[in-house]
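Notes follow once the structure below has been shown.
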Amino acid sequence: KMTQQMRDLQLAQARKPPGPSSPNAAKRLYRNLSGKFRVNYTSFDEGSLAGRGEKEKLRKSYLFQSNAALFEAVELQDLDKVQDLLKQYSPEELDLNTPNSEGLLPLDIAIMTNNAPIARALLQAGAKESPHFVSLESRSLHLSTLVREAEQRVNELTAQVVNEAPNADCSEKEKQLKAWEWRYRLYKRMKAGFEHARVPDAPINVHLSVASSSSVLVTFWEPLSVNSAVVTKYKVEWSCSPSFSPPLGEAIIDKLQNLHFTIQGLVSGTAYYVQVSAYNMKGWGPPQTSTPPFAIPSNWREYDGRAPRRRGQAEALDHLLGQVKTVHQHCVCHEPCKNQPQSRKHSVSKSLKHLFHPGSKFLKTLKRGLYLTAIFYKDDNILVTHEDQIPVVEIDDTYSCLLMQDFLWFTKVSCMWDEILWLRQCVTVSQSSCSCILQTRFKMLLAISQMQGLLGIQDLGQVFFEPVKDKQGNILIVTLKEVKTNQTFESVRWVPICKLQSSRKSVSSPEEPSALDTLLISVQDKLAYHQRSSHALPSGLYLGYLKLCSAVDQIRVLVPEQLPNILCHVKIRSNPNISREEWEWLQKMASVEEPVPAEPEPETSQNHLFQELQVAIKELMTLVNIPLQEAKDFRLYSQEVLDFGDQVSFLLLLPPSDDVCTAPGQNNPYTPRSGFLTLPLQIFELGEE
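Structure (structure tokens):
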């Protein structure tokens, strides 16, 4: 069969221009071809193509050339061109796993020429080895056949060139001879590479950890020596016996971007042993057992049988809200509002065109008072009224209450944008009271309804963590919402933020800017805060630092600017689970009176956690600018692990009890470097949710 393939190849070459006569000629030909292959489809005049069938033929020809270019790049060991082709085309378009006429795949050539960088690039793109090589013997026979037939063809062409008189045909055969000599050397190099290679060494740093009550996680690194052949896959085996007899299961890992595997469906409380081995074209290498040698699936909650803190909380709150609504359903305050749903529906349906309606009640300038402004943005554009103003409505022009308490109440209302009408009806009952607080909060609800009606949007977004104030007595409560869809709104104008900032004519002095000017100047910072506060942490176990500071009317918490919805933190490890054994060790460590407890036994999960914690504490102390010697007085919060879903969990590091919360006027000698801010505790709790 191989001989017939080579004859077909010879016939094809007789009909087409000769191949490269030497490695340098091959490189020149390859570069020329590659330049032609980079043609953009859109450069063709589609009007000249005879229908869809002709376009499809052109496309297939184009992709065939790309496949040929990939083989050439691998054979010439051109890593840059291989990477460019893999980025430009999908594996399907390149026919990455379709053998050529010699029965080889690009990965086979890279492996047998021991070109590790190209082989790794191909493996990450999803390349496979040829299915024809089912055994070492079949691979060796295939390579010997390629070498023998290439040598035979070289001998034939050499005899023809020597015996024929110089002419055009002779010149053509000389070119074919040089091309076959180059290919003969390539096949000999591949054969020598295969014969020289040996099975790989065992993987290193095989680490086993408990992922949950029914799974364990094994991570590992590539062997130190692959013995002249790239590793193409790994095998993970597990058993309840240290001798792995009988084995319980195995898994083959051929996607090598991340060298880890989670073994699932295990029995809680049972010890499992794991080993990993590597494979190259010479076969499987020796297995490497894990450290620690076994793991027992478990979770820290099994230590005292504790249920998840948040289990059923959302359902309980929904039930409580339903009960409150039922109590107020027949309240007298609802009688005047029976006809309101229709008008509310009408106002909502008006959409954002009201921004440009002459009768809109958005304010142009601020007087002394409390106001609500809504910032809607998309990319670098911001939504403005027909007068190029950020939408602002008045809450109270005679505001004289405690701002922080009303502001924190407003942030809680922001969790119920769809329930504003109902809240207004409930607050109306007590509105006749002379309470300043109730009157202000009722006016807040009215302002929210007004903003929703004018915008035609219920969800006004997230409340910025602090109001914007000026020296004239104006206070702006700011909400932020990103519009991610490509939806277009009638009569709405999106204005670039930079244009709005440059075109606005300030009515205040630079020394005493108005609240609107201050908002506009700092709008990018507020948008950045809004985007960062919605980011999620990658999966893992983290060490968080809890630091509070109190004022007259609030308590604030220290957070990083880049992730303001999470405490200051560093990552301990990628596995978020704390096992029962690890939690039991942490409990013992917390109860020890000595400042430095004894280290746990080596080659245990507890010892590995101990080492990880030491590294994380040093990193965290550096992050928050606290001398490491001060950390001896800090302590781990040992009451629970803070779980945020199934993928993120936190251990908390606490300062001494007297320093957890800094009181007003109290000296705090260690202040974090730049990159941190303090949020009101209630705002942080809402963001953390």
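Each residue of the sequence shown is one higher than the last, beginning at 1 in UniProt numbering. Using N, Cα and C, we set each Cβ at its ideal position, and we do this for glycine too.
Inter-residue Cα distance where the pair is residue i and residue j
i       : j       : result
Glu-72  : Lys-188 : 17 Å
Arg-38  : Asp-380 : Any reading at Arg-38 must be qualified, since the residue scores a pLDDT of 37, below 50, and its modelled position is unreliable; the value itself is stated next. Rounded to the nearest angstrom, the two C-alpha atoms are 34 Å apart.
Arg-424 : Gln-462 : 20 Å
Lys-367 : Arg-556 : 30 Å
Leu-122 : Glu-137 : 25 Å
Ile-263 : Val-218 : 8 Å
Gly-675 : Lys-526 : 15 Å
Phe-634 : Gly-687 : 27 Å
Pro-664 : Leu-402 : 19 Å
Tyr-184 : Glu-151 : 6 Å
Gln-614 : Ile-572 : 9 Å
Leu-105 : Gln-160 : 32 Å
Leu-446 : Cys-568 : 38 Å
Pro-293 : Asp-646 : 26 Å
Thr-98  : Ile-578 : 46 Å
Gly-359 : Thr-385 : With a pLDDT of only 48 at Gly-359, under 50, the local geometry of the prediction cannot be trusted, and the value read off the model is given with reservation. Each residue's alpha carbon lies about 12 Å from the other.
Glu-394 : Val-483 : 24 Å
Ser-214 : Ser-268 : 6 Å
Lys-128 : Thr-485 : 40 Å
Proximity winner among the options, relative to residue i (alpha-carbon distances)
i       : options                               : result
Ala-295 : Ser-241, Pro-655 and Arg-635          : Ser-241
Asn-155 : Phe-220, Glu-315, Glu-561 and Lys-173 : Lys-173
Ser-298 : Asp-658, Phe-684 and Glu-582          : Glu-582
Trp-238 : Ser-579, Pro-287, Ser-144 and Ser-140 : Pro-287
Glu-181 : Val-206, Met-190, Glu-195 and Arg-153 : Arg-153
Gln-88  : Ala-69, Arg-311, Val-427 and Ser-243  : Ala-69
Leu-651 : Lys-632, Thr-662, Asp-658 and Gln-587 : Gln-587
Ser-502 : Asp-388, Phe-442 and Lys-547          : Asp-388
Gly-305 : Glu-584, Phe-465 and Thr-604          : Glu-584
Leu-520 : Ala-616, Pro-391 and Val-559          : Pro-391
Cys-436 : Asp-459, Val-231, Ser-400 and Ala-127 : Ser-400
Leu-677 : Gly-645, His-196, Val-552 and Leu-548 : Leu-548
Leu-563 : Arg-139, Ala-110, His-530 and Glu-603 : His-530
Gly-369 : Asn-474, Tyr-545 and Asn-607          : Asn-474
Leu-107 : Val-226, Val-210, Thr-232 and Ala-192 : Thr-232
Lys-481 : Ala-536, Thr-373, Arg-504 and His-207 : Thr-373
Gln-405 : Thr-398, Leu-383, Val-226 and Leu-438 : Leu-438
Gln-124 : Lys-469, Lys-471, Lys-255 and Ala-278 : Lys-255
N- and C-terminal bounds of the beta strand (DSSP E) containing residue i
i       : result
Pro-293 : 288 to 295
Thr-373 : 370 to 378
Cys-415 : Segment: none, Cys-415 is in no beta strand (DSSP E) and carries neither H nor E.
Trp-221 : 215 to 221
Leu-96  : Note, Leu-96: premise wrong, no beta strand (DSSP E); not H, not E.
Glu-137 : From DSSP, Glu-137 is part of no beta strand (DSSP E) but of the alpha helix (DSSP H) over 136 to 163.
CB-CB length for residue i against residue j, believed under 8 Å
i       : j       : result
Leu-679 : Leu-653 : Not quite, the Cβ-Cβ distance comes to about 19 Å (not below 8 Å), so this is no contact.
Gln-176 : Leu-157 : 6 Å
Leu-94  : Asn-67  : 6 Å
Glu-222 : Val-236 : Not really, about 14 Å apart at Cβ, beyond 8 Å.
Val-660 : Ser-649 : With 8 Å as the limit, Val-660 and Ser-649 do not qualify as a contact, their Cβ atoms being about 21 Å apart.
Ile-477 : Phe-410 : 6 Å
Thr-289 : Met-190 : Actually they are not in contact, since the Cβ atoms of Thr-289 and Met-190 sit about 35 Å apart, beyond 8 Å.
Leu-224 : Ile-204 : 6 Å
Ser-591 : Asn-565 : Between Asn-565 and Ser-591 the Cβ distance is about 33 Å, and since that is not below 8 Å, they are no contact.
Under the three-state DSSP convention, the category residue i falls into
i           : result
Thr-232     : coil
Lys-350     : Confidence at Lys-350 is low in this model, with a pLDDT of 46, below 50, so its placement is unreliable and the value that follows should be read with caution. Three-state DSSP puts Lys-350 in coil, outside helix and strand.
residue 734 : Given a span of 1 to 689 for the chain in the structure shown, any question on residue 734 remains unanswerable.
Lys-36      : With a pLDDT of 36 at Lys-36, under the threshold of 50, the modelled position of this residue cannot be trusted; read the value that follows with caution. Residue state, collapsed to three classes: helix.
Cys-661     : strand
Tyr-637     : coil
Phe-261     : strand
Leu-421     : helix
Asp-517     : helix
His-386     : coil
Ile-566     : coil
Ala-551     : coil
Lys-484     : coil
Leu-651     : strand
Leu-681     : helix
Minimum Cβ-Cβ distance from residue i to chain D less than 8 Å
i       : result
Ile-204 : In summary, chain D is missing from the structure at hand, where a single protein chain is found.
For residue i, the first and last residue of its enclosing alpha helix (DSSP H)
i       : result
Glu-619 : 605 to 623
Lys-526 : 523 to 532
Gly-453 : 436 to 455
Glu-584 : 580 to 591
Ser-502 : 497 to 503
Asp-396 : Segment 392 to 396 is the beta strand (DSSP E) holding Asp-396; no alpha helix (DSSP H) there.
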